[in-house]
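Chemist: At position 165 of the sequence shown (counting the first as 1) the number is 165 in the numbering used here, and the numbers step up by one without a gap.
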Amino acid sequence: MGQISLTFPDGTTRVYDAGVTPATVAASIAPSLAKAAISAQVNGKHWDLAWPIHGDATISLNTLKDEAPALELIRHDLAHIMARAVQEIWPEVKVTIGPVRDQGWFYDFDREEPFTPEDLGQIEARMKQIINARDPVRTEVWPREKAVEYYRGRQEPFKLELIDRIPEGEDLRMYWHGDWQDLCRGPHLQHTGQVPSDAFKLTHVAGAYWLGDASRPMLQRIYGVAFRSRDDLKAHLTMLEEAAKRDHRKLGREMELFHLQEEAPGMVFWHPNGWTIYRQLEDYMRGRLRQAGYKEIRTPQVVDRVLWEKSGHWEAYRENMFIVEVDEEGAREKRINALKPMNCPCHVQVYNQGIKSYRDLPLRLAEFGSCHRYESSGSMHGLMRVRGFTQDDAHIFCTEDQIEGECADFLALLSSVYRDLGFKTFDIKLSTRPDVRVGADEVWDKAETSLARAIEKAGYPYTINPGDGAFYGPKLDFKLTDAIGREWQCGTFQADFNLPVRLGAEYVGEDGMKHHPVMMHRAILGSFERFIGILLENYAGKLPFWLAPRQVVVASIVSDADPFVHEVVAALRKAGVRAEADVRNEKINYKVREHSVGKVPVILAIGMQEVAARTVSVRRLGETRTETISLDAAVAAFGFEALPPSGS
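1) Which one or two residues does DSSP pair with residue 398 in a beta bridge?
2) Pairing CB atoms from the segment 345-360 with CB atoms from the segment 491-510, are three or more of them under 8 Å?
3) Does the beta-carbon of residue 351 have 16 or more other beta-carbons within 10 angstroms, so that it is buried, or is it exposed?
4) Once DSSP output is grouped into helix, strand and coil, what is the label at residue 639?
5) Relative to the C-alpha of residue 437, which candidate in 496, 453, 386 and 563 has its C-alpha closest?
6) Measure from the alpha carbon of residue 411 to the alpha carbon of each residue in 71, 450 and 376, then state which is nearest.
7) Which of the three DSSP states, helix, strand or coil, is assigned to residue 54?
8) Using the three-state DSSP reduction, which class does residue 410 fall into: helix, strand or coil?
9) What residue from 472, 447, 81 and 413 has the CA that sits closest to residue 458's CA?
10) Can you list, in chain order, the residues of its chain with a C-beta nearer than 6 Å to that of residue 565? Leave out the 5 residues immediately preceding and following it.
11) Look at the alpha carbon of residue 481 and the alpha carbon of residue 424, and state the distance between them as a whole number of angstroms.
12) Rounded to whole angstroms, what's the CA-CA distance from residue 488 to residue 422? Just pull it up for me.
13) Reducing DSSP to helix, strand and coil, say where residue 631 ends up.
14) Mapping the DSSP letters down to three states, classify residue 27 as helix, strand or coil.
15) Output yes or no for whether 8 Å exceeds the beta carbon distance between residue 463 and residue 429.
16) Flag this pair as yes or no: are the beta carbons of residue 158 and residue 210 separated by less than 8 Å?
17) Kindly list the residues whose CB is nearer than 8 Å to the CB of residue 180, restricted to its own chain and excluding five residues on each side of it in sequence; keep chain order.
18) Look at the alpha carbon of residue 322 and the alpha carbon of residue 206, and state the distance between them as a whole number of angstroms.
19) According to the Cβ coordinates, are residue 572 and residue 592 closer than 8 Å?
20) In chain order, what residues of the same chain have a beta carbon less than 6 Å from the beta carbon of residue 256, not counting five sequence neighbours either side?
21) Under the assumption that residue 404 contacts residue 453 (Cβ atoms under 8 Å), give the Cβ distance between them as a whole number of angstroms.
22) How long is the line joining the alpha carbons of residue 2 and residue 50, rounded to whole angstroms?
23) Say whether the segment 127-146 touches the segment 242-257, bearing in mind that this needs 3 or more beta-carbon pairs closer than 8 Å, one atom from each stretch.
24) Does the structure place the segment 235-243 close enough to the segment 107-125 that three or more beta carbon pairs sit under 8 Å?
25) According to DSSP, simplified to helix, strand and coil, what is residue 273?
26) Are the beta-carbon atoms of residue 46 and residue 19 separated by less than 8 Å?
27) Look at residue 618 and residue 627 and say whether their C-beta atoms are less than 8 Å apart.
28) Output the distance between the C-alpha atoms of residue 514 and residue 460, rounded to the nearest integer angstrom.
29) In angstroms with no decimal places, state the Cα-to-Cα distance between residue 476 and residue 408.
30) Please go through the same chain and pick out, in chain order, the residues whose beta-carbon is closer than 7 Å to the beta-carbon of residue 727, but skip the five residues on each side of it.
31) Can you tell me whether residue 517 is buried or exposed? The criterion is at least 16 other CB atoms within 10 Å of its CB, across all chains shown.
32) Are residue 141 and residue 189 touching if we call contact CB-CB under 8 Å?
33) Could you have a look at residue 145 and say whether DSSP puts it in helix, strand or coil?
34) Measuring CB to CB, does residue 367 end up less than 8 Å from residue 297?
35) Can you grab the Cα-Cα spacing for the pair residue 550 / residue 641, in whole Å?
36) Apart from the five residues on each side of it in sequence, which residues of its chain come closer than 6 Å, Cβ to Cβ, to residue 27?
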C-alpha cells in the first residue's frame, strides 16, 4: 500500500496510507474533531467519513456548524430514517426513492391504503425512537448481481428498476441505518443520533407517479422539513403559517382578482379588479422602458415551425410548445405552426427588416409578449406557474464593446423598478460558460468579463454560478427576497452570440464589413402573472395605493348622506382616483369589515356631521384610528397618492 498527501484548508499537508478515510484523518488531528466531524470535502466533493481516499487530494472536514453540508446530511438521513420507520410500522410497504429538496426531503412509497395525518404522527414518533437509539450508519459497495439478488429476495421491484437504470460499471453503494438498508449514493452521517430529533416535522402527503411518468403507478409521497435546531424549525413553520395567510390564490378570491378553471388549464381569467392591477403595472413598466430608450413592438402569436427550426427551439423546446396545424387552401399537407413560447426569434425578424449600421446600435426592442408553454398539470400553481403568460420582454442588439454599458444601464433600471415596487435589495448570480456551448472562448471571456465589470462598477455584490450559463452565452439572474424571507427569481440578463447568427442578423461596422450583433435577452418582472402573485404575497394583499385595484370606498353612515357620498366619489374620480360608493343600508362597521377583507386601502365614512362640514372621515387599511379632513384636502392627497412612481 502506497502513501498519499492530503492538503488542508490552511495549506498544510499530511501523509497517510492510501485508502485512508476522513474519519481516520479527523482522529489523527484531535479526538474532539473525530467526535464533531460529520463529513468531508475531498477535491471539492462532498465525501462520507467512511469513504476511502486513494490519491493525493485537498481535504476539509465538516461539522454541524457548516450549514450547507450539515443540512444536506440531516435531510438525507431523515429520508432514510422515515423510510425505515414506515417499513417497521407497515412491513408490506414498498420503498422507492427519497431525495433532499429545499428545506427538507420527500420519500415515495407504494402502499394500498392512503397515509393519514394520524399516520404521519405515528411515523414521526417512530423516527424519534430510531434517532434516540443512535444506531450506526455503515456503507458498502456491492456488485450488481448481489444487489439484484438482495432486492429480488425482499420483493422490492422499484429498487430493481433503479439498478437497471444505473450504467454498467458504476458502483452500487448500499447504506444501513441500523438494520434497515437502502440503495444510495450517499454521503450520510455516522449514526442516527447525529440527527437533531427536535428539528424536523412531516408536513403532508401527495400523490406522485413513479419516476414522474403518468403511465406508471401512482405512489404516495411524504414530505418533511428539517433544520439544524428547534429554533430554526420553529421559524420555518411560522413562516409557512404566514405564507398560507398570504397565499395569492386565497387573496385572489377575497379581492376578486382572477380565477382558473379546468376548461383552460394554466390560463388566467382576469376579473376587473385583477385586470386593473395588471394594466397599472403594465402602464408603469411601459413608461419606464420609454424613459430608458426602448422601442415597443408587437409580434405574432402563431409562427411557422420553419422559424422555430432555424432558431433551434424546435429541437430543444418542442415538448413545451403548443402546436397548431392549419389546412392551408390548396396545400397538399397541413402547415405546422406553434404558439410562441418566447419572443426572441420574432424580435430578430423585426431587427432584420432593413440594413442596420453600427450607428443604429444599441437597438432596444421591447414587447409585452404573450407566450404559451406546456406545463404538466402537477407543476402548475396559481399565478406562479401557468401555461399562458405575458413577459416584460426586451432584446438589446449591440456590439461586443457595448455589452458592459448596456449591462450597467439595465442594472440601474432594474434596481430602480424593484425599489418602486417595494423590493430594496436583491441577489445577483453570474452564470458562466457550460461545458456544452457555442461560440469561441475569447468571446465568452469578453462577455463574462463585461458582465462582471458592470456589476462591480455598479457596486452590487454577486456570486458566481459556474457552468450554469445558457449554451449561447453567460447570464445574470436576479433574486428578490419578500417580506417573509422567501426568494423569488425574476429578472434576467443574458448575452446571446448564437441566435443572431442562426437567424441572419447583421449590421455594417465601421470597417464597412458585415458583422453579427450580440443579442442581450432581458426581463425585469419575468412575467406579469407571476410577478403579480409575488406582489400579492409580499404585501399580503395590501398593495401600494397606486397599484390597488380599489383605492377608496366612500361609505355612508346614514342614507341622508348619500348625495354627498356621490359628490365625493365624483371629485376623487376626476382627480384620477379609483373610487366607489357604498350606500347600502348596512351599518358602517359592517361595511368597514367587508372592505378591509377586500384590502381596500382607504375607507371614507360620511355621516351628517361630515355633510355639514364638507369633510370626510378617513380610515386606512390596518389602522384603528380615523382622521377627519376637508374634501378638498382628501381629493388633493389621494390624487397624488394615485400617481405611479416615476423612478428613483
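Cβ atoms here follow ideal geometry from the backbone N, Cα and C, with glycine treated the same way.
It should be emphasised that the depicted structure is a prediction, and the values quoted were computed from it without experimental measurement.
Modeler: A quick look at the data gives this:
1) Within the sequence shown, numbered from 1, the residue matching residue 398 stands at position 398. Answer is 518.
2) Contact between the segment 345-360 and the segment 491-510 is present: 3 or more CB-CB pairs across the two stretches fall below 8 Å.
3) Numbered from its first residue, the sequence shown carries residue 351 at position 351. Classification for residue 351: buried.
4) Against the sequence shown, residue 639 aligns to sequence position 639. Of the three classes helix, strand and coil, the one that applies to residue 639 here is helix, per DSSP.
5) Along the sequence shown, read from residue 1 onward, the residue named residue 437 stands at position 437. It is 496 whose Cα lies nearest to the Cα of residue 437.
6) Counting from 1 along the sequence shown, the entry for residue 411 is found at position 411. Closest by C-alpha distance to residue 411, out of 71, 450 and 376, is 450.
7) Translated into the one-based positions of the sequence shown, residue 54 becomes position 54. Under the three-state reduction of DSSP, residue 54 is assigned to coil, being neither helix nor strand.
8) As a first step, residue 410 must be located in the sequence shown, where it is residue number 410. Residue 410: helix per DSSP, three-state reduction.
9) Counting from 1 along the sequence shown, the entry for residue 458 is found at position 458. Check the Cα spacing between residue 458 and each of 472, 447, 81 and 413: the tightest is with 413.
10) Mapped onto the sequence shown, residue 565 falls at position 565. The beta carbon of residue 565 lies closer than 6 Å to those of 554, 556, 581, 583 and 606 in the same chain, with the five residues before and after it left out.
11) The count along the sequence shown starts at 1 and reaches residue 481 at position 481. The count along the sequence shown starts at 1 and reaches residue 424 at position 424. Their backbone Cα atoms lie some 9 Å apart in a straight line.
12) Counting from one through the sequence shown, the residue named residue 488 turns up at place 488. Counting from one through the sequence shown, the residue named residue 422 turns up at place 422. If I take the Cα positions, the gap works out to 14 Å.
13) Taking the sequence shown and counting its residues from 1, one reaches residue 631 at position 631. Helix.
14) What you label residue 27 is simply residue 27 of the sequence shown in a count that begins at 1. Residue state, collapsed to three classes: helix.
15) As a first step, residue 463 is located in the sequence shown; it is residue number 463 there, counting from the start. As a first step, residue 429 is located in the sequence shown; it is residue number 429 there, counting from the start. Yes; because the gap between Cβ atoms is below 8 Å, this pair is in contact.
16) Residue 158 sits at position 158 when you count from the first residue of the sequence shown. Residue 210 sits at position 210 when you count from the first residue of the sequence shown. Yes. Within cutoff.
17) Counting from 1 along the sequence shown, the entry for residue 180 is found at position 180. Answer for residue 180: 80, 83, 84, 87 and 88, listed in chain order.
18) Position 322 of the sequence shown, counting from 1, holds the residue named residue 322. Position 206 of the sequence shown, counting from 1, holds the residue named residue 206. Rounded to the nearest angstrom, the two C-alpha atoms are 28 Å apart.
19) Residue mapping note: residue 572 aligns to position 572 of the sequence shown, counting from 1. Residue mapping note: residue 592 aligns to position 592 of the sequence shown, counting from 1. Against a cut-off of 8 Å, the Cβ pair of residue 592 and residue 572 comes out as no contact.
20) Stepping through the sequence shown from its first residue, residue 256 is reached at position 256. Closer than 6 Å at the Cβ level, and outside the excluded window around residue 256, lie 271 and 273.
21) For the purposes of this step, residue 404 is taken as the residue at position 404 of the sequence shown. For the purposes of this step, residue 453 is taken as the residue at position 453 of the sequence shown. Going by Cβ atoms, the distance from residue 404 to residue 453 rounds to 6 Å, so yes, they are a contact pair.
22) Counting from 1 along the sequence shown, the entry for residue 2 is found at position 2. Counting from 1 along the sequence shown, the entry for residue 50 is found at position 50. If I take the Cα positions, the gap works out to 19 Å.
23) The segment 127-146 vs the segment 242-257: no contact.
24) No: fewer than three Cβ pairs fall under 8 Å.
25) As a position in the sequence shown, residue 273 is number 273, starting the count at 1. Looking at residue 273 - three-state DSSP - the assignment turns out to be helix.
26) If you number the sequence shown from 1, residue 46 lands on position 46. If you number the sequence shown from 1, residue 19 lands on position 19. Their beta carbons are not under 8 Å apart, which means residue 46 does not touch residue 19 by this criterion.
27) Here residue 618 is taken as the residue at index 618 of the sequence shown, counted from 1. Here residue 627 is taken as the residue at index 627 of the sequence shown, counted from 1. Cβ distance < 8 Å, so residue 618 and residue 627 count as in contact.
28) In the sequence shown, the residue the question calls residue 514 occupies position 514. In the sequence shown, the residue the question calls residue 460 occupies position 460. So the two alpha carbons sit approximately 36 Å from each other.
29) As a first step, residue 476 must be located in the sequence shown, where it is residue number 476. As a first step, residue 408 must be located in the sequence shown, where it is residue number 408. C-alpha separation (whole angstroms): 12 Å.
30) Limits of the chain in this structure are 1 at one end and 648 at the other, which puts residue 727 out of reach.
31) Against the sequence shown, residue 517 aligns to sequence position 517. Classification for residue 517: buried.
32) Taking the sequence shown and counting its residues from 1, one reaches residue 141 at position 141. Taking the sequence shown and counting its residues from 1, one reaches residue 189 at position 189. Going by beta carbons, residue 141 and residue 189 fall outside the 8 Å limit.
33) As a working mapping, residue 145 is identified with position 145 in the sequence shown. Residue 145 falls in the helix class under three-state DSSP.
34) Against the sequence shown, residue 367 aligns to sequence position 367. Against the sequence shown, residue 297 aligns to sequence position 297. Taking 8 Å as the Cβ cut-off, residue 367 and residue 297 qualify as a contacting pair.
35) Reading the sequence shown from its first residue, position 550 is the one you call residue 550. Reading the sequence shown from its first residue, position 641 is the one you call residue 641. Distance between the alpha carbons of residue 550 and residue 641 is about 13 Å.
36) Translated into the one-based positions of the sequence shown, residue 27 becomes position 27. Closer than 6 Å at the Cβ level, and outside the excluded window around residue 27, lie 34.
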